[in-house]
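Q: Take a look at this one; I'll ask things after.
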Amino acid sequence: MCGESISLVGLGDAHADQGALAEARACWESALPTFERAGDSGRAREVRERLGRPAEAC
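Going by my numbering, the first residue of the sequence shown is number 1059, and it counts up by one from there.
Rendered as structure tokens:
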């Protein structure tokens, strides 16, 4: 599942580079819960930053 979420982040980045921000946001929002469940705080933080969300306290 983390591999899929890593791919979603990359896809979201590609969408953002093309100006398709709604599509980018959807990809990032889909990826975030997997990183959170896996305890991958680094990747979760990076995705939250892309989404413009504050980091959650651990």
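All C-beta atoms in this analysis are idealised placements derived from N, C-alpha and C, irrespective of residue type, glycine included.
Could you tell me whether the Cβ atoms of Ser1088 and Leu1066 are closer together than 8 angstroms?
A: Within the sequence shown, numbered from 1, the residue matching residue 1088 stands at position 30. Within the sequence shown, numbered from 1, the residue matching residue 1066 stands at position 8. Cβ atoms of Ser1088 and Leu1066: closer than 8 angstroms.
Q: Can the beta-carbon of Ala1102 be found closer than 8 angstroms to that of Cys1060?
A: As a position in the sequence shown, residue 1102 is number 44, starting the count at 1. As a position in the sequence shown, residue 1060 is number 2, starting the count at 1. Going by C-beta atoms, Ala1102 is not nearer than 8 angstroms to Cys1060.
Q: Could you tell me how far apart the beta carbons of Ile1068 and Arg1108 are, in whole angstroms, since I believe they sit closer than 8 angstroms?
A: Translated into positions along the sequence shown, residue 1068 becomes position 10. Translated into positions along the sequence shown, residue 1108 becomes position 50. First, the amino acid is wrong: residue 1068 is Gly here, not Ile. Going by Cβ atoms, the distance from Gly1068 to Arg1108 rounds to 11 angstroms, so no, they are not a contact pair.
Q: Counting along the chain, where does the alpha helix (DSSP H) carrying Asp1050 start and finish?
A: Here the chain covers residues 1059 to 1116 and nothing more, so residue 1050 does not appear.
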